[in-house]
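In this note's numbering, the protein residues as written are 13 to 416.
Beta carbons are placed, not taken as given, at the ideal position from N, Cα and C, and that holds for glycine.
Notes to accompany the following structure.
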Ligand SMILES: Cc1cc2nc3c(=O)[nH]c(=O)nc-3n(C[C@H](O)[C@H](O)[C@H](O)COP(=O)(O)OP(=O)(O)OC[C@H]3O[C@@H](n4cnc5c(N)ncnc54)[C@H](O)[C@@H]3O)c2cc1C
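Below you can see the structure in the form of structure tokens.
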């Protein structure tokens, strides 16, 4: 039997994980990306929440929680297998605090009920002990008034909860994935190559072989194609005449990636649920900060979103606005601001087969349950859904091409 040849489009967490799984099963893999290196887009510049489903509390059917849960529980083990590196020292070490904002699309009691329902789902899952911390006895605690007052003195926050979710520092992990890809001899890489289409190879005897068309030429033949282009994915699917989802949105979001000069104990906080913000404290000195309304730089419902026009001259204004907005709700943010050693404003696209505004309780954007792999013969197209579901989906996909 000949070794199958697989073209993977996109070198984010989805494409790179799939490439590593397949190459280690002796598949010949070629990976394409428009950037000069792997993991330079959304998979580098995100918050790294390893989802257990708590964030999707406006989707009370639990369908989003059910779909993100297996990827979240398996994330650490899969990533460590793929990169050969422990993520322990780069993962938040205490529970997240979810704060319920006065203008949240879910009431505090609705949130509490949802959190208890998700905790039950987690406890019943056979992989619950494999999460970054053992969550086989997952419990959510509503903060008493005094405990809440230690996090915020703002009247805009009406309740708080302790949630056993963790997050990983994505810049660091991106470097580990990029190094693992480089070290894998069986993977051919084509960087600085913008994929413009995929077609059947005309000269091939079998019409099942594929050619990848790119800004630097045509490549192939390939037995399989995996489209993991994230914001670029629908355009290539559409070119092949494949069906598009009923609705979708592309949002370009920026956040702050900060290192402080001294360790700080600020908790990791999610202000829920709607267009609010987050803070992640990965290790005392590396932080992620976001304020959604300020960081949302572009929104598109086109099949292929146009690259956002980011005016570098307003970087300082965006940074100031993000800090100011967070400080109103979380006064301790001042200590991060006062101890900056490095700061970077960066971002990436968020694709979702959903749309609407986060301020609208009825927006489909509050649910994340339709993602996954679709296929047409030997062509696979992957909506990664979340960063934390990427490695798990990659393994499912690799199993379809070459069972391990
Ligand atoms: C601000 C922000 C916060 C987030 N927070 C979280 C979180 O806490 N937890 C979580 O689970 N998820 C989070 N996400 C979502 C997460 O980042 C994505 O779900 C995930 O990174 C998608 O991975 P991917 O490999 O599919 O896409 P990407 O990492 O974007 O990889 C796709 C690759 O395809 C390349 N590409 C695109 N079009 C073309 C083309 N035509 N030709 C060649 N190359 C092309 C790009 O350069 C890119 O390298 C967040 C996203 C953002 C932006």
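Residue i: which of the options sits nearest, CA to CA?
{"i": "residue 211", "options": "19, 15, 377, 412", "result": "19"}
{"i": "residue 296", "options": "241, 352, 330, 244", "result": "352"}
{"i": "residue 60", "options": "213, 405, 301", "result": "301"}
{"i": "residue 203", "options": "45, 193, 55, 310", "result": "45"}
{"i": "residue 47", "options": "261, 158, 227", "result": "227"}
{"i": "residue 273", "options": "299, 283, 362", "result": "299"}
{"i": "residue 151", "options": "108, 157, 198", "result": "108"}
{"i": "residue 106", "options": "149, 98, 178", "result": "178"}
{"i": "residue 95", "options": "403, 247, 408, 415", "result": "403"}
{"i": "residue 153", "options": "221, 77, 128", "result": "128"}
{"i": "residue 288", "options": "80, 278, 37, 110", "result": "110"}
{"i": "residue 115", "options": "235, 286, 345", "result": "286"}
{"i": "residue 409", "options": "277, 350, 49, 237", "result": "237"}
{"i": "residue 370", "options": "333, 303, 146", "result": "303"}
{"i": "residue 350", "options": "357, 398, 75, 270", "result": "270"}
{"i": "residue 117", "options": "176, 284, 27", "result": "284"}
{"i": "residue 382", "options": "21, 76, 264", "result": "76"}
{"i": "residue 21", "options": "58, 358, 245, 158", "result": "245"}
{"i": "residue 124", "options": "80, 268, 70", "result": "70"}
{"i": "residue 328", "options": "232, 268, 414, 172", "result": "268"}
{"i": "residue 158", "options": "201, 171, 93, 411", "result": "171"}
{"i": "residue 380", "options": "243, 99, 365", "result": "365"}
{"i": "residue 27", "options": "15, 51, 17", "result": "51"}
{"i": "residue 14", "options": "38, 31, 343", "result": "38"}
Check residue i in the structure and name its three-state DSSP category.
{"i": "residue 325", "result": "helix"}
{"i": "residue 44", "result": "strand"}
{"i": "residue 137", "result": "coil"}
{"i": "residue 254", "result": "coil"}
{"i": "residue 353", "result": "strand"}
{"i": "residue 368", "result": "coil"}
{"i": "residue 34", "result": "helix"}
{"i": "residue 378", "result": "helix"}
{"i": "residue 245", "result": "helix"}
{"i": "residue 160", "result": "helix"}
{"i": "residue 404", "result": "helix"}
{"i": "residue 142", "result": "helix"}
{"i": "residue 412", "result": "helix"}
{"i": "residue 231", "result": "strand"}
{"i": "residue 27", "result": "helix"}
{"i": "residue 154", "result": "strand"}
{"i": "residue 52", "result": "coil"}
{"i": "residue 129", "result": "helix"}
{"i": "residue 396", "result": "coil"}
{"i": "residue 165", "result": "coil"}
{"i": "residue 290", "result": "strand"}
{"i": "residue 347", "result": "helix"}
{"i": "residue 4", "result": "The requested residue 4 is not part of the displayed model; the chain covers only 13 to 416."}
{"i": "residue 226", "result": "strand"}
{"i": "residue 341", "result": "helix"}
{"i": "residue 11", "result": "Only positions 13 to 416 of the chain appear in this structure, which leaves residue 11 out of reach."}
{"i": "residue 266", "result": "strand"}
{"i": "residue 261", "result": "strand"}
{"i": "residue 57", "result": "coil"}
{"i": "residue 17", "result": "strand"}
{"i": "residue 147", "result": "coil"}
{"i": "residue 237", "result": "strand"}
{"i": "residue 387", "result": "strand"}
{"i": "residue 39", "result": "coil"}
{"i": "residue 213", "result": "coil"}
Below 8 Å on the Cβ atoms is my guess for residue i versus residue j; work out the distance and round it to an integer in Å.
{"i": "residue 83", "j": "residue 401", "result": "3 Å"}
{"i": "residue 306", "j": "residue 337", "result": "6 Å"}
{"i": "residue 367", "j": "residue 261", "result": "4 Å"}
{"i": "residue 140", "j": "residue 134", "result": "6 Å"}
{"i": "residue 399", "j": "residue 104", "result": "Actually they are not in contact, since the Cβ atoms of residue 399 and residue 104 sit about 14 Å apart, beyond 8 Å."}
{"i": "residue 308", "j": "residue 259", "result": "Not quite, the Cβ-Cβ distance comes to about 18 Å (not below 8 Å), so this is no contact."}
{"i": "residue 358", "j": "residue 57", "result": "4 Å"}
{"i": "residue 222", "j": "residue 391", "result": "7 Å"}
{"i": "residue 85", "j": "residue 143", "result": "5 Å"}
{"i": "residue 145", "j": "residue 64", "result": "At roughly 11 Å, the Cβ-Cβ gap does not stay under 8 Å, so residue 145 and residue 64 are not in contact."}
{"i": "residue 331", "j": "residue 355", "result": "7 Å"}
{"i": "residue 220", "j": "residue 41", "result": "Contact doesn't hold; Cβ gap of about 18 Å is too wide."}
{"i": "residue 207", "j": "residue 224", "result": "6 Å"}
{"i": "residue 175", "j": "residue 66", "result": "5 Å"}
For chain B, is any of its Cβ atoms less than 8 Å away from the one on residue i?
{"i": "residue 297", "result": "Among the chains in the structure shown there is no chain B, since it carries only a single protein chain."}
Discussion item. Quick check on the DSSP output: what are the complete beta strand (DSSP E) runs of length 3 or more inside the segment 167 to 211, in order along the chain?
Written reply: The beta strand (DSSP E) runs lying completely inside the segment 167 to 211 and spanning 3 residues or more are 169 to 175, 199 to 202, given in chain order.
Discussion item. Restricting to runs no shorter than 3 residues, where is the beta strand (DSSP E) found entirely within the segment 293 to 326?
Written reply: Listed in chain order, they are 298 to 303, 308 to 312.
Practice prompt. May I have a chain-ordered list of the alpha helix (DSSP H) segments no shorter than 4 residues that lie completely inside the segment 59 to 125?
Written response: Those alpha helix (DSSP H) runs which fall completely within the segment 59 to 125 and span 4+ residues are 75 to 95.
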